[in-house]
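Asks: I'd like to ask some things about the structure below.
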Amino acid sequence: MKKTLLTLCSVLCCAVLFAQVPATEKQALLDLYVDTQGDQWINTWDLNEAVADWHGVTVENDHVVSISLLFNNLNGKLPASLGNLSKLRILELSFNKLNGEIPAQLGQLSNLEVLALNANGLSGTIPETLGALSKLKQLHMSSNKLTGTVPASLGNLTAVEVFNVFDNDLKGSLPAELASNNNLRELMIAENDFVNTEIFSVVLLSNSGSGLNLKSPSLSPQAKTIIAIESPEDGN
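Dropping the structure here:
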């Protein structure tokens, strides 16, 4: 009996030790590795190790919940399969060499709280699908090559606290719903060509802290509060 219990305990311990994330989630990570030249990353992955041991990957309850690969020399396009990481809460890929468009499939990440893609070479438009990220608290897309307008659907991001599209080639109107969002505390929109910045009561300095450059008529009396902000790598 005692031997049976010891054997059972050993099996359970091994099951926990070697627990695997779902195949679709592991494949999404492998796609990211291949599509962004993972063998050239500064901190690369040993694909023979458990996913939980891969640099920048956090696994909880056998699901990938966080990917943080800042300053890691990712070079290439983001794979659409990232949208299969259903439990992902944090996707932090800032300060790399990502290019191409932001996959619309990121809008499937219903648990996502932080999406950070600052300082890459991403182009194209912001996907309308990102408006479905109901739990998103931080959106960072500064210093890319994004064009077009900010989709009206992003006005549905009622939980968003930080909205950062600083230094792109965006134009037109920002979603009016953002201006009435009581959760919004940091708005970084300088170095674009927006036309309705006067509707916002809180306007923030650019990441450099050098001042406002909204490329729009002077701010209305509503813009009463100007707050210097810290860049995301300092903890925001």
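Letter by letter, the sequence shown follows residues -19 to -1, 1 to 217 of mature numbering (1 follows the signal peptide of the UniProt record, and there is no 0).
Even for Gly, the Cβ is constructed at its ideal location relative to N, Cα and C.
What you are looking at is a predicted structure, and each value in this text was computed from that prediction instead of being measured.
Please classify D43: does DSSP put it in a helix, a strand, or coil?
Replies: Here D43 sits in coil by DSSP.
Asks: Out of L59, R166, I170, G57, state which residue places its alpha-carbon closest to the alpha-carbon of N149.
Replies: The shortest Cα separation from N149 among L59, R166, I170, G57 belongs to I170.
Asks: Within this structure, are the beta carbons of V141 and L117 separated by less than 8 Å?
Replies: Yes; because the gap between Cβ atoms is below 8 Å, this pair is in contact.
Asks: Using C-beta distances below 6 Å, list every residue in its chain close to residue 220, excluding the 5 sequence neighbours before and after it, in chain order.
Replies: The structure shown does not extend to residue 220, since the chain is modelled only from -19 to 217, so the question has no answer here.
Asks: What are the partner residues of D174, as DSSP defines its beta bridges?
Replies: Beta-bridge pairing links D174 to K152.
Asks: In whole angstroms, give me the CA-to-CA distance for L155 and V131.
Replies: Taking the straight line joining both Cα atoms gives about 6 Å.
Asks: For L87, does the three-state DSSP call read helix, strand or coil?
Replies: In the structure shown, L87 sits in a helix (DSSP, three-state: H, G or I).
Asks: Pick from S49, L50, T106, A33: whose alpha carbon is nearest that of N42?
Replies: Nearest of S49, L50, T106, A33 to N42, Cα basis: A33.
Asks: Might you give, ordered along the chain, the residues of its own chain that have their beta carbon closer than 8 Å to the beta carbon of P84, omitting 5 neighbours on each side?
Replies: Around P84: L59, P60, A61, L63, G64, P108.
Asks: If you draw a straight line from the alpha carbon of K68 to that of K7, how long is it in whole angstroms?
Replies: About 13 Å.
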